[in-house]
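>
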Amino acid sequence: MTVQTLQVLQALLERPADEHYGLKISEQSGLPTGSIYPILTRLETAGWVTSQWEDIDESAEGRRRRRFYQLTRDGTAAARDEVAEMQRRLNAVQRASWRSAAKPNWGTA
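Each residue of the sequence shown is one higher than the one before, starting from 47 at the first, in the working numbering.
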């Protein structure tokens, strides 16, 4: 799983029961919209999210309709597992780097 996909999942997990639209996910994840839509499509294909178009009158609202994305129950569980796994890996790398930084380099030039 890519770091970018994890960023999108983390944005969705902030409020897993809510519907989210692309621009808001982009802002929360720190990724450009051109990056998040392919990720959302893959997540939808995998069954992790569902999506639906907003039902508005674009002329009356003065804006285009939004496509809302929502984590599925399975998607929420899988996303939490993936984010937790990445956090475990990052913690292991951090611990290893601390141990290596704490070792003296005696006898090296």
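Note that the Cβ used here is the ideal one computed from N, Cα and C, for glycine as well.
Since the structure is predicted, the reported quantities are computational estimates derived from the model, not experimental observations.
At which residue ranges does the region 56-86 contain complete alpha helix (DSSP H) runs of 4 or more residues, listed in the order of the chain?
Taking only runs of at least 4 residues, the alpha helix (DSSP H) segments lying wholly in the region 56-86 are 68-75.
> With a cut-off of 8 Å, do at least 3 Cβ pairs link the region 61-76 to the region 104-111?
No contact exists between the region 61-76 and the region 104-111.
> So, is Q133 buried or exposed, given that buried needs 16 or more other C-beta atoms within 10 angstroms?
The residue is exposed, with fewer than 16 neighbouring Cβ atoms inside 10 Å.
> Can you list, in chain order, the residues of its chain with a C-beta nearer than 6 Å to that of L89? Leave out the 5 residues immediately preceding and following it.
Once the five neighbours on either side are set aside, the close Cβ partners of L89 are V95.
> Please classify I102 as buried or exposed, where buried requires at least 16 other C-beta atoms within 10 Å of its C-beta.
By the neighbour-count rule (16 or more Cβ atoms within 10 Å), I102 is not buried but exposed.
> Are the Cβ atoms of T118 and I85 separated by less than 8 Å?
Cβ atoms of T118 and I85: not closer than 8 Å.
> Can you say whether Q53 is buried or exposed, counting buried as having 16 or more other CB atoms within 10 angstroms of its CB?
Flag for Q53 reads buried.
> Along the beta strand (DSSP E) that carries R113, what are the first and last residues, could you check?
Element bounds for R113: R113 to L117.
> Is W94 helix, strand or coil by DSSP?
DSSP places W94 in coil when its eight states are reduced to three.
> Alpha helix (DSSP H) containing E104: first to last residue?
Start and end: E104 to E107.
> So, for E60: in the same chain, excluding its five sequence neighbours on each side, which residues have a beta-carbon less than 8 Å away from its beta-carbon?
So the list reads Q74, once near-sequence residues are dropped.
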